[in-house]
Amino acid sequence: MRKNDAASVSGLPGRMVAIGGAVLLAALLTGLPAATRAAEPPALGLPLDCQPGKTCWLVNYVDHDPGKGRRDYKCGDYTYNVPGKDGNRHRGTDIAIRDLDAMNKGVPVLAAASGTVFRLRDGMADVNVKKIGVDKVKGKQCGNAVILKHAGGWQTQYCHMRRGSLAVKKGQPVAAGDKLGLVGLSGFTEYPHLHITVRKGGTVIDPFIGRNRHKGCGLGEKPLWSKQALALLSYPPSAVYTAGFAAHKPNGSAVRAGKLNGATLPAKAAALVLWADTYQPRTGDRLQFIISGPKGWKEFRHTVAIKKDRARMFRFAGRKSKGGPWPKGSYQGTVTLWRGEPPKPVSRLQKNIEIR
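Next comes the structure, spelled out in C-alpha coordinates:
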(Lines of atoms letter the chains of each structure in order from A and count residues from 1; the text may use other names and numbers.)
(Lines give C-alpha, C1' and ligand atoms only; values in the text may rest on other atoms or scores of the structure.)
Protein backbone atom coordinates (compact mmCIF):
# COMPACT_ATOMS: atom_id res chain seq x y z
CA MET A 1 0.00 0.00 0.00
CA ARG A 2 1.09 3.60 -0.32
CA LYS A 3 1.53 4.34 3.38
CA ASN A 4 4.10 1.68 3.94
CA ASP A 5 7.61 2.98 4.23
CA ALA A 6 9.44 5.65 6.13
CA ALA A 7 13.13 4.89 6.22
CA SER A 8 14.10 5.70 9.78
CA VAL A 9 17.42 3.94 10.34
CA SER A 10 19.35 7.00 9.24
CA GLY A 11 22.95 6.74 8.13
CA LEU A 12 25.76 9.10 9.02
CA PRO A 13 27.76 10.96 6.35
CA GLY A 14 30.76 8.97 5.26
CA ARG A 15 34.28 10.09 6.24
CA MET A 16 37.41 9.96 4.10
CA VAL A 17 40.78 9.23 5.69
CA ALA A 18 44.04 9.63 3.78
CA ILE A 19 46.77 7.18 4.83
CA GLY A 20 50.16 8.40 3.77
CA GLY A 21 50.99 7.52 0.17
CA ALA A 22 48.45 4.69 -0.07
CA VAL A 23 45.88 6.82 -1.88
CA LEU A 24 48.51 8.06 -4.35
CA LEU A 25 49.77 4.53 -4.96
CA ALA A 26 46.24 3.28 -5.64
CA ALA A 27 45.70 6.12 -8.09
CA LEU A 28 48.93 5.31 -9.93
CA LEU A 29 48.01 1.64 -10.15
CA THR A 30 44.59 2.35 -11.60
CA GLY A 31 45.50 5.33 -13.74
CA LEU A 32 42.68 7.36 -12.16
CA PRO A 33 42.84 10.24 -9.67
CA ALA A 34 41.93 9.13 -6.16
CA ALA A 35 39.15 11.71 -5.91
CA THR A 36 37.58 10.39 -9.10
CA ARG A 37 37.72 6.81 -7.81
CA ALA A 38 36.16 7.79 -4.50
CA ALA A 39 33.34 9.70 -6.21
CA GLU A 40 32.29 6.83 -8.47
CA PRO A 41 28.89 5.51 -7.35
CA PRO A 42 28.40 1.77 -6.83
CA ALA A 43 26.76 -0.22 -9.62
CA LEU A 44 23.71 -1.73 -7.94
CA GLY A 45 22.60 -5.28 -8.56
CA LEU A 46 19.15 -6.65 -7.81
CA PRO A 47 18.78 -6.60 -3.98
CA LEU A 48 16.57 -9.71 -3.83
CA ASP A 49 17.12 -13.30 -4.87
CA CYS A 50 14.00 -13.43 -7.03
CA GLN A 51 12.68 -13.23 -10.59
CA PRO A 52 11.08 -9.82 -11.26
CA GLY A 53 7.64 -10.26 -12.78
CA LYS A 54 7.41 -13.88 -11.57
CA THR A 55 8.33 -14.12 -7.90
CA CYS A 56 8.82 -10.44 -7.04
CA TRP A 57 7.47 -7.13 -8.31
CA LEU A 58 8.75 -3.55 -8.24
CA VAL A 59 5.75 -1.62 -6.91
CA ASN A 60 6.89 1.88 -5.84
CA TYR A 61 9.62 4.34 -6.74
CA VAL A 62 11.28 7.35 -5.11
CA ASP A 63 8.92 10.34 -4.91
CA HIS A 64 10.35 13.51 -6.50
CA ASP A 65 7.45 15.80 -5.59
CA PRO A 66 8.19 17.49 -2.23
CA GLY A 67 4.55 18.58 -1.86
CA LYS A 68 1.25 16.74 -1.83
CA GLY A 69 1.68 15.40 -5.34
CA ARG A 70 3.44 12.20 -6.39
CA ARG A 71 6.07 11.96 -9.11
CA ASP A 72 8.35 9.02 -9.92
CA TYR A 73 11.44 9.17 -12.13
CA LYS A 74 9.34 8.97 -15.31
CA CYS A 75 6.95 11.66 -14.05
CA GLY A 76 4.32 9.01 -13.38
CA ASP A 77 2.63 8.58 -10.01
CA TYR A 78 3.87 5.14 -8.99
CA THR A 79 4.96 6.29 -5.54
CA TYR A 80 3.38 7.75 -2.42
CA ASN A 81 3.71 10.41 0.24
CA VAL A 82 5.55 9.74 3.50
CA PRO A 83 6.11 12.84 5.67
CA GLY A 84 9.67 13.06 6.90
CA LYS A 85 12.69 15.24 7.46
CA ASP A 86 13.37 15.75 3.73
CA GLY A 87 9.82 16.51 2.64
CA ASN A 88 6.62 14.66 1.94
CA ARG A 89 8.34 11.94 -0.06
CA HIS A 90 8.75 8.20 -0.35
CA ARG A 91 12.52 7.86 -0.23
CA GLY A 92 13.17 4.42 -1.67
CA THR A 93 12.33 1.68 -4.14
CA ASP A 94 9.87 -1.03 -3.06
CA ILE A 95 10.13 -4.60 -4.34
CA ALA A 96 7.34 -6.91 -3.15
CA ILE A 97 7.10 -10.68 -2.93
CA ARG A 98 3.95 -12.71 -3.55
CA ASP A 99 2.48 -13.33 -0.09
CA LEU A 100 3.10 -14.35 3.50
CA ASP A 101 3.68 -17.94 2.46
CA ALA A 102 6.59 -16.83 0.27
CA MET A 103 7.90 -14.73 3.16
CA ASN A 104 7.77 -17.68 5.55
CA LYS A 105 9.60 -19.91 3.07
CA GLY A 106 12.29 -17.23 2.79
CA VAL A 107 13.30 -14.76 0.09
CA PRO A 108 16.93 -13.60 0.55
CA VAL A 109 17.81 -9.91 0.66
CA LEU A 110 21.14 -9.36 -1.12
CA ALA A 111 23.80 -6.68 -0.89
CA ALA A 112 23.26 -4.50 -3.97
CA ALA A 113 26.98 -3.63 -4.00
CA SER A 114 30.14 -4.44 -2.08
CA GLY A 115 30.58 -2.57 1.18
CA THR A 116 30.70 -2.79 4.97
CA VAL A 117 27.83 -3.28 7.41
CA PHE A 118 27.41 0.12 9.06
CA ARG A 119 24.23 -0.27 11.08
CA LEU A 120 21.56 -2.88 11.67
CA ARG A 121 18.45 -3.58 13.70
CA ASP A 122 16.65 -6.84 14.49
CA GLY A 123 13.96 -8.02 16.89
CA MET A 124 10.85 -6.30 15.50
CA ALA A 125 7.84 -8.53 14.85
CA ASP A 126 6.65 -9.36 11.35
CA VAL A 127 3.13 -7.96 11.48
CA ASN A 128 0.89 -5.77 9.32
CA VAL A 129 1.11 -2.26 10.77
CA LYS A 130 -2.67 -1.92 10.42
CA LYS A 131 -3.05 -4.60 13.11
CA ILE A 132 -0.82 -2.92 15.70
CA GLY A 133 -1.12 0.78 14.86
CA VAL A 134 1.40 3.30 13.57
CA ASP A 135 2.45 4.39 17.07
CA LYS A 136 3.97 0.95 17.70
CA VAL A 137 6.59 1.54 15.01
CA LYS A 138 7.21 5.25 15.57
CA GLY A 139 10.90 5.97 15.10
CA LYS A 140 11.42 2.45 13.77
CA GLN A 141 9.41 2.60 10.55
CA CYS A 142 12.16 0.85 8.61
CA GLY A 143 11.69 -2.25 10.74
CA ASN A 144 14.48 -4.81 10.91
CA ALA A 145 17.15 -3.32 8.70
CA VAL A 146 20.72 -3.20 7.45
CA ILE A 147 22.70 -0.18 6.26
CA LEU A 148 25.80 -0.74 4.15
CA LYS A 149 28.57 1.80 3.63
CA HIS A 150 30.20 1.92 0.21
CA ALA A 151 33.24 3.76 -1.11
CA GLY A 152 32.94 7.51 -1.66
CA GLY A 153 30.31 8.23 1.00
CA TRP A 154 27.56 6.09 -0.55
CA GLN A 155 25.11 4.03 1.50
CA THR A 156 22.35 1.53 0.79
CA GLN A 157 19.63 0.84 3.34
CA TYR A 158 17.46 -2.32 3.40
CA CYS A 159 14.16 -2.16 5.31
CA HIS A 160 11.31 -4.43 6.54
CA MET A 161 13.44 -7.54 6.92
CA ARG A 162 12.26 -10.69 8.71
CA ARG A 163 12.87 -10.93 12.44
CA GLY A 164 15.81 -13.15 13.29
CA SER A 165 16.93 -13.43 9.67
CA LEU A 166 19.84 -10.98 9.63
CA ALA A 167 22.92 -12.84 8.40
CA VAL A 168 25.55 -10.11 8.94
CA LYS A 169 27.17 -8.23 11.82
CA LYS A 170 28.20 -4.61 12.27
CA GLY A 171 31.59 -3.91 10.69
CA GLN A 172 31.46 -7.01 8.49
CA PRO A 173 32.63 -6.58 4.88
CA VAL A 174 30.21 -7.91 2.26
CA ALA A 175 30.46 -8.51 -1.47
CA ALA A 176 27.78 -7.66 -4.00
CA GLY A 177 25.19 -10.43 -3.93
CA ASP A 178 25.96 -11.59 -0.39
CA LYS A 179 22.93 -12.51 1.70
CA LEU A 180 21.98 -9.90 4.30
CA GLY A 181 18.84 -11.61 5.58
CA LEU A 182 15.27 -12.31 4.42
CA VAL A 183 12.32 -10.22 3.26
CA GLY A 184 9.89 -9.60 6.11
CA LEU A 185 6.91 -7.61 7.35
CA SER A 186 8.52 -5.50 10.07
CA GLY A 187 8.09 -1.79 10.62
CA PHE A 188 5.68 0.53 8.82
CA THR A 189 4.36 -1.81 6.14
CA GLU A 190 1.22 -3.75 5.22
CA TYR A 191 2.73 -6.40 2.94
CA PRO A 192 6.04 -8.29 2.71
CA HIS A 193 8.54 -6.37 0.63
CA LEU A 194 11.98 -4.82 0.59
CA HIS A 195 12.37 -1.05 0.72
CA ILE A 196 15.84 -0.01 -0.47
CA THR A 197 17.12 3.55 -0.12
CA VAL A 198 20.34 4.87 -1.66
CA ARG A 199 22.16 7.86 -0.14
CA LYS A 200 25.21 9.91 -0.96
CA GLY A 201 26.50 11.92 1.98
CA GLY A 202 23.08 11.73 3.61
CA THR A 203 21.12 12.81 0.52
CA VAL A 204 18.61 10.38 -0.99
CA ILE A 205 19.50 9.41 -4.57
CA ASP A 206 17.03 7.76 -6.93
CA PRO A 207 18.90 4.76 -8.43
CA PHE A 208 16.93 5.16 -11.67
CA ILE A 209 18.38 8.65 -12.10
CA GLY A 210 21.75 8.83 -10.37
CA ARG A 211 23.30 12.01 -9.00
CA ASN A 212 22.42 14.38 -11.83
CA ARG A 213 19.95 14.59 -14.68
CA HIS A 214 19.55 16.96 -17.61
CA LYS A 215 15.99 16.11 -18.62
CA GLY A 216 12.73 16.34 -16.77
CA CYS A 217 11.47 12.76 -17.02
CA GLY A 218 12.89 9.31 -17.63
CA LEU A 219 16.09 7.50 -16.76
CA GLY A 220 19.03 9.59 -15.72
CA GLU A 221 22.15 9.72 -17.85
CA LYS A 222 23.96 7.61 -15.25
CA PRO A 223 21.48 5.46 -13.30
CA LEU A 224 22.94 3.50 -10.41
CA TRP A 225 21.38 0.16 -11.32
CA SER A 226 23.60 -2.18 -13.30
CA LYS A 227 22.50 -2.86 -16.87
CA GLN A 228 21.41 -6.36 -15.84
CA ALA A 229 19.28 -5.10 -12.94
CA LEU A 230 17.80 -2.25 -14.97
CA ALA A 231 16.67 -4.67 -17.67
CA LEU A 232 14.70 -6.63 -15.05
CA LEU A 233 13.00 -3.65 -13.38
CA SER A 234 10.28 -2.82 -15.89
CA TYR A 235 7.97 0.20 -15.96
CA PRO A 236 5.09 0.70 -15.28
CA PRO A 237 4.81 -1.54 -12.21
CA SER A 238 1.11 -2.34 -12.73
CA ALA A 239 0.72 -6.12 -12.61
CA VAL A 240 -1.61 -9.04 -12.05
CA TYR A 241 0.86 -10.66 -9.68
CA THR A 242 -1.12 -13.62 -8.38
CA ALA A 243 -4.32 -15.48 -9.25
CA GLY A 244 -6.08 -18.75 -8.59
CA PHE A 245 -9.36 -20.63 -8.19
CA ALA A 246 -11.73 -21.13 -5.28
CA ALA A 247 -14.92 -23.09 -4.65
CA HIS A 248 -16.49 -20.18 -2.74
CA LYS A 249 -16.25 -16.44 -2.32
CA PRO A 250 -12.52 -15.96 -1.69
CA ASN A 251 -11.13 -13.93 1.17
CA GLY A 252 -8.47 -11.37 0.27
CA SER A 253 -6.62 -11.85 3.55
CA ALA A 254 -6.41 -15.60 2.94
CA VAL A 255 -5.08 -14.97 -0.57
CA ARG A 256 -2.41 -12.59 0.72
CA ALA A 257 -1.42 -15.18 3.30
CA GLY A 258 -0.89 -17.70 0.48
CA LYS A 259 -3.70 -20.02 1.60
CA LEU A 260 -5.67 -20.35 -1.66
CA ASN A 261 -3.19 -22.01 -4.00
CA GLY A 262 -4.82 -25.42 -4.45
CA ALA A 263 -4.45 -27.33 -7.73
CA THR A 264 -7.77 -29.24 -7.62
CA LEU A 265 -11.44 -28.67 -6.81
CA PRO A 266 -14.28 -31.18 -6.36
CA ALA A 267 -16.91 -31.54 -9.09
CA LYS A 268 -19.58 -30.86 -6.47
CA ALA A 269 -18.09 -27.46 -5.52
CA ALA A 270 -20.75 -24.82 -4.82
CA ALA A 271 -19.03 -22.35 -7.15
CA LEU A 272 -16.12 -21.97 -9.52
CA VAL A 273 -14.43 -18.64 -8.84
CA LEU A 274 -11.33 -17.07 -10.40
CA TRP A 275 -9.57 -14.52 -8.19
CA ALA A 276 -6.70 -12.12 -8.80
CA ASP A 277 -4.60 -9.64 -6.84
CA THR A 278 -3.05 -6.69 -8.64
CA TYR A 279 -0.49 -3.97 -8.03
CA GLN A 280 -1.00 -0.38 -9.17
CA PRO A 281 -4.17 -0.52 -11.31
CA ARG A 282 -5.20 2.91 -12.56
CA THR A 283 -8.46 4.77 -13.13
CA GLY A 284 -10.00 3.64 -16.40
CA ASP A 285 -8.23 0.26 -16.46
CA ARG A 286 -10.23 -2.91 -16.99
CA LEU A 287 -9.58 -6.21 -15.26
CA GLN A 288 -10.85 -9.11 -17.37
CA PHE A 289 -11.59 -12.63 -16.07
CA ILE A 290 -11.93 -15.59 -18.46
CA ILE A 291 -12.51 -19.22 -17.43
CA SER A 292 -12.28 -21.85 -20.16
CA GLY A 293 -12.81 -25.56 -19.56
CA PRO A 294 -13.54 -29.02 -20.96
CA LYS A 295 -16.52 -30.16 -23.03
CA GLY A 296 -19.76 -29.22 -21.34
CA TRP A 297 -18.38 -25.97 -19.89
CA LYS A 298 -19.57 -22.66 -21.33
CA GLU A 299 -16.73 -20.15 -21.32
CA PHE A 300 -17.07 -17.54 -18.58
CA ARG A 301 -16.13 -13.89 -19.16
CA HIS A 302 -16.38 -10.91 -16.86
CA THR A 303 -14.73 -7.48 -16.86
CA VAL A 304 -14.30 -5.14 -13.88
CA ALA A 305 -13.95 -1.39 -14.51
CA ILE A 306 -11.35 0.31 -12.30
CA LYS A 307 -12.84 3.53 -10.96
CA LYS A 308 -9.86 4.93 -9.05
CA ASP A 309 -6.12 4.48 -8.68
CA ARG A 310 -5.12 1.82 -6.20
CA ALA A 311 -1.83 0.65 -4.77
CA ARG A 312 -3.15 -2.91 -4.58
CA MET A 313 -6.52 -4.40 -5.53
CA PHE A 314 -8.12 -7.81 -5.00
CA ARG A 315 -11.04 -8.91 -7.20
CA PHE A 316 -12.79 -12.14 -8.22
CA ALA A 317 -15.48 -13.41 -10.58
CA GLY A 318 -17.08 -16.76 -11.33
CA ARG A 319 -20.14 -18.95 -11.53
CA LYS A 320 -22.36 -20.60 -8.92
CA SER A 321 -23.37 -24.22 -9.36
CA LYS A 322 -26.95 -24.86 -10.52
CA GLY A 323 -27.05 -28.07 -8.54
CA GLY A 324 -25.30 -30.54 -10.79
CA PRO A 325 -21.57 -31.33 -10.80
CA TRP A 326 -19.09 -29.32 -12.86
CA PRO A 327 -17.70 -31.05 -15.97
CA LYS A 328 -14.56 -32.89 -14.89
CA GLY A 329 -11.22 -32.02 -16.46
CA SER A 330 -8.76 -29.15 -16.85
CA TYR A 331 -9.82 -25.52 -16.54
CA GLN A 332 -7.77 -22.43 -17.38
CA GLY A 333 -8.26 -19.01 -15.85
CA THR A 334 -6.87 -15.93 -17.59
CA VAL A 335 -6.78 -12.53 -15.88
CA THR A 336 -5.75 -9.51 -17.97
CA LEU A 337 -5.26 -5.88 -16.95
CA TRP A 338 -6.19 -3.66 -19.91
CA ARG A 339 -5.33 0.04 -20.27
CA GLY A 340 -5.92 2.86 -22.73
CA GLU A 341 -7.99 3.37 -25.88
CA PRO A 342 -7.79 1.21 -27.82
CA PRO A 343 -7.12 -1.05 -24.83
CA LYS A 344 -3.75 -2.77 -24.61
CA PRO A 345 -2.77 -5.49 -22.13
CA VAL A 346 -0.55 -4.21 -19.33
CA SER A 347 -0.30 -7.55 -17.53
CA ARG A 348 -1.72 -11.04 -17.97
CA LEU A 349 -1.62 -14.13 -15.77
CA GLN A 350 -2.93 -17.64 -16.43
CA LYS A 351 -3.74 -20.32 -13.86
CA ASN A 352 -4.89 -23.93 -14.31
CA ILE A 353 -6.96 -26.19 -12.09
CA GLU A 354 -8.31 -29.74 -12.25
CA ILE A 355 -11.90 -30.51 -11.33
CA ARG A 356 -12.29 -34.13 -10.22
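So the sequence shown is numbered by this note's numbering: it starts at 57 and just counts up by one. Ideal placement from N, C-alpha and C gives every residue a C-beta, glycine not left out.
*If you follow the alpha helix (DSSP H) that residue 188 is part of, which residue opens it and which one closes it?*
First-last of the alpha helix (DSSP H) with residue 188: 185-188.
*Beta-carbon contacts of residue 302 that lie in its chain and below 7 Å, excluding the five residues immediately before and after*: Answer for residue 302: 316, 329 and 331, listed in chain order.
_Which of helix, strand or coil DSSP assigns to residue 283_ = In the three-state scheme derived from DSSP, where H, G and I count as helix and E and B as strand, residue 283 is classed as helix.
*State yes or no: is the C-beta of residue 104 within less than 9 Å of the C-beta of residue 163?*
The criterion of a C-beta distance shorter than 9 Å is satisfied by residue 104 and residue 163.
*At 3 residues or longer, and completely inside the region 185-266: list those beta strand (DSSP E) runs for me, N to C.*
Complete beta strand (DSSP E) runs here, min 3: 200-206, 210-217, 235-238, 249-256 and 259-261.
*Cα-Cα separation, residue 264 to residue 280*: Our two residues, residue 264 and residue 280, have alpha carbons roughly 6 Å apart in a direct line.
*Ignore the nearest five residues each way along the sequence and tell me which others in residue 204's own chain have a CB closer than 7 Å to its CB.*
Cβ within range, chain order: 167, 171, 172, 173, 174, 211, 212 and 230.
*Pull up the DSSP beta-bridge partners for residue 394, would you.*
Bridge partners of residue 394: 342 and 401.
*Along the chain, where does the beta strand (DSSP E) that runs through residue 173 open and close?*
Element bounds for residue 173: 171-177.
*Give me the Cβ distance between residue 319 and residue 377, rounded to the nearest whole Å; I'm assuming they're in contact under 8 Å.*
In fact, because the Cβ distance is near 20 Å, the residues do not count as touching under 8 Å.
*Determine the closest residue to residue 358 out of 349, 350 and 371, with distance taken between C-alpha atoms.*
The shortest C-alpha separation from residue 358 is found at 371.
_Below 8 Å on the Cβ atoms is my contact criterion, and I expect residue 293 with residue 185 to pass it. Report the Cβ-Cβ distance as a whole number of Å._
With 8 Å as the limit, residue 293 and residue 185 do not qualify as a contact, their Cβ atoms being about 21 Å apart.
_Sheet register partners of residue 165 (DSSP bridge)_ = According to DSSP, residue 165 bridges with 104 and 237.
*DSSP state of residue 349 mapped onto helix, strand, coil*: Here residue 349 sits in coil by DSSP.
*With a CB to CB cut of under 7 Å and the five nearest residues on each side skipped, what residues in its chain are close to residue 351?*
Non-local C-beta neighbours of residue 351 in its own chain, meaning closer than 7 Å and more than five positions away in sequence, comprise 383, ordered along the chain.
*Beta-carbon contacts of residue 392 that lie in its chain and below 6 Å, excluding the five residues immediately before and after*: 344, 401 and 404.
*Tell me whether residue 150 sits in a helix, a strand or coil according to DSSP, three-state version.*
Of the three classes helix, strand and coil, the one that applies to residue 150 here is strand, per DSSP.
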